[in-house]
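Residue numbers (the numbering used here), protein chains in the order written: chain A, 3 to 312; chain B, 123 to 418.
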């Protein structure tokens, strides 16, 4: 009795899967791509615990335990690289998370529809400019020989400043050029969230005599709070990664003291010096910390707010 | 609508001015580059602000168009962007559509497989080893095939399908005997032009603007995309044949001025394709398309 029911059930399941064969066929290519370029590299992480040699391949290379990690943790630049990474990424977080929120609220308060749409459209443009050009533009503007900022400084009788070549100024130039590029685009997700707020809430508040600032505090901000929480969690999940794309372009011998971060260090060890296993260990350490931070922040969010990633 | 209180008027005016200043800060550097590319570099800083081309010249553009490296990079970038974006959009649609169907079995497991990769990855070197093993390093394919699906974009697209394709429409198509493939091609995609346009923009811009993959995977100069050539010119200050052509006889200040002109002009030229597509797609940005993305 029971077994016939089960047989019927499994037959039914098989039929349902067969019925959806086209859907599975569609998934086939994207899933294959995901496995090859996302999951096989995750398996490849084991070379961090081996001495990888292309001749032996990932599986047959000899194990070395934590040797690469020990070498990294004991290296004399270890502390500098970590401090540089955290300095830039925490600075970016501290400015880059709140600014789009403030700007989105300001956009939302604009009453002139045409003005609003023009400024929003302009603010998105830098997001579509390549990082090579952004860095090129930073150089146009900050170059001590013929940059516009230094020309202005000289015009007003000051002495030119080498912005990029100075380890002290490098984090500022890096972070604020990043803000220039991404702040406008960053408002989009909040603008989308705000478009879901019913207008009659504002009207009711107005009739009761609420000021604009009160409306922002009591209606707008609570409505976008879930979005703020999610964006903040996601941002903290990359606290150890300062993307090498931009740092590599801005790095030079003069600013190395503050511009050498984990990712550029990993790039140099791995790609330039072909120390695959060591570089992979650095990358794994980096990813692991990110993942743990993301997990903890998410736990924290689960506890103290209603929104969280999972 | 209502009588504005005085406080509100002050607030409005203040807000408009602040937003205006912000917009100028975003816009001016872009305008500056355009003006500077049309100016004689020796006169750009005659006054503090450059508000219009000063000492109008097209010399920089002439040099850029005479430069074989830039043409080659442009051609390669067009190929990588067109093919790569096609792969991206097709693969993303193929993943997003089944996952948008609530009756799709295994939906949750597959979604988890995808989203996990947003938070954890193998990293630079293991990925490099995979591409090396596939034998695509230093070929054009390494610029086209890997990274076919961005999970973030896939989720945006999936959410769009869920919110914009009425279930009744799918059901009636099934009753008429359509298969899932026919449903996707004949019912879903025709209703999804906005999201496809946005995806083409996102992926296309990413392909066009990226330099890092090309830098680590390509060593054959003939395969270099535009961004790598740009990097040589803008960041490393190497002009290759661009600067050497007809630069032998002129004096030092003229050479450096010419170099500046080339830099400004090449920035403008390489941004044109992106800025051409931008207005076409930007009107879709705010239609709530992004909102789905936050519910991973």
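The C-beta atom is built at its ideal place from N, Cα and C for all residues, glycine as well.
Next item on the list: Would you tell me roughly how many angstroms separate the C-alpha atoms of residue 358 (chain B) and residue 388 (chain B), rounded to the nearest one?
Entry: Against the second chain, residue 358 (chain B) aligns to sequence position 236. Against the second chain, residue 388 (chain B) aligns to sequence position 266. Near 14 Å, if we compare the C-alpha coordinates of residue 388 (chain B) and residue 358 (chain B).
Margin query: Between which residues of its own chain and residue 123 (chain B) is the CB-CB distance below 7 Å, once the five residues before and five after are set aside?
Written below: As a position in the second chain, residue 123 (chain B) is number 1, starting the count at 1. Reliability of the predicted coordinates at residue 123 (chain B) is poor, the pLDDT of 48 falling under 50, and the value obtained from them is presented with this limitation in mind. There are no such residues.
Check: Is the CB of residue 400 (chain B) under 8 Å away from at least one CB in chain A?
Finding: Position 278 of the second chain holds residue 400 (chain B). Residue 400 (chain B) counts as touching chain A.
Notebook entry, point to check: What is the DSSP secondary structure of residue 418 (chain B), counted as helix, strand or coil?
Noted result: As a first step, residue 418 (chain B) is located in the second chain; it is residue number 296 there, counting from the start. Here the model assigns residue 418 (chain B) a pLDDT of 37, short of 50, so the residue's position is not dependable and the matter cannot be decided.
Next item on the list: Count the other C-beta atoms from every protein chain shown that fall within 10 angstroms of the C-beta of residue 174 (chain A), then say buried if there are 16 or more, exposed otherwise.
Entry: Locating residue 174 (chain A) in the first chain gives position 172, counting from the first residue. Per the 10 Å Cβ criterion, exposed.
Notebook entry, point to check: When the Cα atoms are used, what is the spatial distance from residue 229 (chain A) to residue 96 (chain A)?
Noted result: Residue numbering aside, residue 229 (chain A) sits at position 227 when the first chain is read from its first letter. Residue numbering aside, residue 96 (chain A) sits at position 94 when the first chain is read from its first letter. Looking at the backbone, the Cα of residue 229 (chain A) and that of residue 96 (chain A) are separated by about 17 Å.
Next item on the list: Ignore the nearest five residues each way along the sequence and tell me which others in residue 47 (chain A)'s own chain have a CB closer than 6 Å to its CB.
Entry: What you label residue 47 (chain A) is simply residue 45 of the first chain in a count that begins at 1. Within the same chain, residue 47 (chain A) has close Cβ partners 286.
Next item on the list: Could you tell me whether the Cβ atoms of residue 140 (chain B) and residue 108 (chain A) are closer together than 8 Å?
Entry: Position 18 of the second chain holds residue 140 (chain B). Position 106 of the first chain holds residue 108 (chain A). Yes, Cβ-Cβ distance for residue 140 (chain B) and residue 108 (chain A) is below 8 Å.
Checklist line | Listed by chain order, chain A residues near residue 333 (chain B) by CB distance under 9 Å | finding: Start at 1 with the first residue of the second chain, and residue 333 (chain B) comes out as number 211. Per Cβ cutoff of 9 Å: 132, 133, 134, 247 and 251.
Next item on the list: Have a look at the DSSP bridge pairing and note the partners of residue 65 (chain A).
Entry: Numbered from its first residue, the first chain carries residue 65 (chain A) at position 63. Bridge pairing for residue 65 (chain A): A:52 [DSSP].
Next item on the list: Compare the C-beta of residue 224 (chain B) against all C-beta atoms of chain A and say whether one is closer than 8 Å.
Entry: Position 102 of the second chain holds residue 224 (chain B). Chain A, which has no Cβ nearer than 8 Å to the Cβ of residue 224 (chain B), makes this no.
Note to self: I'd like to check one pair, residue 249 (chain A) with residue 261 (chain A): are the Cβ atoms closer than 8 Å?
What the structure shows: Indexing the first chain from 1 puts residue 261 (chain A) at position 259. Indexing the first chain from 1 puts residue 249 (chain A) at position 247. In contact: residue 261 (chain A) and residue 249 (chain A) (Cβ atoms closer than 8 Å).
Margin query: Short of 7 Å in beta carbon distance, which residues of its chain neighbour residue 182 (chain A), apart from the five on each side in sequence? Order them along the chain.
Written below: Along the first chain, one-based indexing puts residue 182 (chain A) at 180. Leaving aside the five residues that flank residue 182 (chain A) on each side, the residues in its chain whose CB is nearer than 7 Å to its CB run, in chain order, 128.
Margin query: So with CB distances below 7 Å, who are the chain B contacts of residue 286 (chain A)?
Written below: The residue labelled residue 286 (chain A) in the question sits at position 284 within the first chain. Near residue 286 (chain A) (Cβ distances below 7 Å), the residues of chain B are 245.
Next item on the list: Grab me the residues of residue 279 (chain A)'s own chain with a C-beta within less than 7 Å of its C-beta, minus the 5 sequence neighbours each way, in chain order.
Entry: Numbered from its first residue, the first chain carries residue 279 (chain A) at position 277. Residues 49, 50, 52, 53, 54 and 70 of the same chain have their beta carbon placed closer than 7 Å to that of residue 279 (chain A), with the five preceding and five following residues left out of the count.
Notebook entry, point to check: Cα-Cα, which of B:226, B:201 and B:199 is closest to residue 27 (chain A)?
Noted result: Against the first chain, residue 27 (chain A) aligns to sequence position 25. Of B:226, B:201 and B:199, the residue nearest in Cα terms is B:226.
Next item on the list: Using only alpha-carbon positions, find the residue among B:160, B:235 and B:397 that is nearest to residue 40 (chain A).
Entry: If you number the first chain from 1, residue 40 (chain A) lands on position 38. Nearest option by C-alpha distance: B:235.
Item checked: Local conformation of residue 333 (chain B) per DSSP, three classes -> For the purposes of this step, residue 333 (chain B) is taken as the residue at position 211 of the second chain. In the structure shown, residue 333 (chain B) sits in coil (DSSP, three-state: anything other than H, G, I, E or B).
Next item on the list: Would you mind listing the beta strand (DSSP E) stretches within the stretch 149 to 218 of chain A that are 3+ residues and don't spill past its ends, in chain order?
Entry: As for any beta strand (DSSP E) of minimum length 3 sitting wholly inside the stretch 149 to 218 of chain A, there is none.
Item checked: Beta-carbon neighbours of residue 40 (chain A), restricted to chain B and to distances below 8 Å -> Start at 1 with the first residue of the first chain, and residue 40 (chain A) comes out as number 38. Against chain B, the beta carbon of residue 40 (chain A) has neighbours under 8 Å at 239, 243 and 244, listed in chain order.
Note to self: According to DSSP, is residue 114 (chain A) part of a helix, a strand, or is it coil?
What the structure shows: Within the first chain, residue 114 (chain A) is the residue found at index 112, counting from 1. Three-state result, residue 114 (chain A): coil.
Margin query: Would the stretch 270 to 284 of chain B count as touching the stretch 231 to 248 of chain B if we require 3 or more Cβ pairs under 8 Å?
Written below: Output reads yes: the stretch 231 to 248 of chain B touches the stretch 270 to 284 of chain B.
Item checked: 8 Å Cβ cutoff, residue 111 (chain A) in contact with chain B -> By one-based count along the first chain, residue 111 (chain A) stands at place 109. By this cut-off, residue 111 (chain A) is an interface position.
Notebook entry, point to check: What is the rounded straight-line gap between the Cα of residue 142 (chain A) and the Cα of residue 325 (chain B)?
Noted result: Numbered from 1 along the first chain, position 140 holds the residue referred to as residue 142 (chain A). Numbered from 1 along the second chain, position 203 holds the residue referred to as residue 325 (chain B). So the alpha carbons of these two residues sit roughly 28 Å apart.
Check: If you follow the alpha helix (DSSP H) that residue 39 (chain A) is part of, which residue opens it and which one closes it?
Finding: By 1-based counting over the first chain, the position of residue 39 (chain A) is 37. Run containing residue 39 (chain A): none; DSSP gives neither H nor E here.
Margin query: Can you pull the chain A neighbours of residue 269 (chain B), defined as C-beta to C-beta under 7 Å?
Written below: Taking the first residue of the second chain as position 1, residue 269 (chain B) is located at position 147. Per Cβ cutoff of 7 Å: 39.
Notebook entry, point to check: Would the beta-carbon of residue 150 (chain A) fall within 8 Å of that of residue 163 (chain A)?
Noted result: As a position in the first chain, residue 150 (chain A) is number 148, starting the count at 1. As a position in the first chain, residue 163 (chain A) is number 161, starting the count at 1. The answer is no: Cβ separation not under 8 Å.
Next item on the list: Assign residue 197 (chain B) to buried or exposed, taking buried as 16 or more other Cβ atoms, counted over all protein chains shown, within 10 Å of its Cβ.
Entry: The sequence position of residue 197 (chain B) within the second chain is 75, counting from 1. Result: exposed.
Next item on the list: Kindly list the residues whose CB is nearer than 8 Å to the CB of residue 337 (chain B), restricted to its own chain and excluding five residues on each side of it in sequence; keep chain order.
Entry: Here residue 337 (chain B) refers to the residue found at position 215 of the second chain. Cβ neighbours of residue 337 (chain B) beyond the five flanking positions: 350 and 353.
Next item on the list: Please report the residue range of the alpha helix (DSSP H) in which residue 130 (chain B) lies.
Entry: Position 8 of the second chain holds residue 130 (chain B). Counting along the chain, the alpha helix (DSSP H) containing residue 130 (chain B) begins and ends at 128 to 159.
Next item on the list: Check the Cβ-Cβ distances between residue 227 (chain B) and every residue of chain A, and say whether any is below 8 Å.
Entry: Counted from its first residue, the second chain places residue 227 (chain B) at position 105. Residue 227 (chain B) counts as touching chain A.
Check: Among the residues of its own chain, which have a CB less than 7 Å from the CB of residue 93 (chain A), if the five just before and after it don't count?
Finding: Within the first chain, residue 93 (chain A) is the residue found at index 91, counting from 1. Sequence-distant Cβ neighbours of residue 93 (chain A) in its own chain, meaning closer than 7 Å and more than five residues away, are 173 and 177.
Next item on the list: With a threshold of 7 Å, establish whether the CB of residue 220 (chain B) neighbours any heavy atom of the ligand MG.
Entry: Among the components modelled here there is no ligand, and therefore nothing to report on the ligand MG.
Check: Where does residue 416 (chain B) land, buried or exposed, given buried means 16+ other C-beta within 10 angstroms?
Finding: Counting from 1 along the second chain, the entry for residue 416 (chain B) is found at position 294. Its pLDDT being 45, under 50, residue 416 (chain B) is placed unreliably by the model, and nothing is read from it.
Notebook entry, point to check: With a cut-off of 8 Å, do at least 3 Cβ pairs link the stretch 188 to 199 of chain A to the stretch 267 to 278 of chain A?
Noted result: Contact between the stretch 188 to 199 of chain A and the stretch 267 to 278 of chain A is not established, with fewer than three Cβ pairs separated by less than 8 Å.
Note to self: Below 8 Å on C-beta distance, what does residue 129 (chain B) contact in chain A?
What the structure shows: Here residue 129 (chain B) is taken as the residue at index 7 of the second chain, counted from 1. Per Cβ cutoff of 8 Å: 213 and 214.
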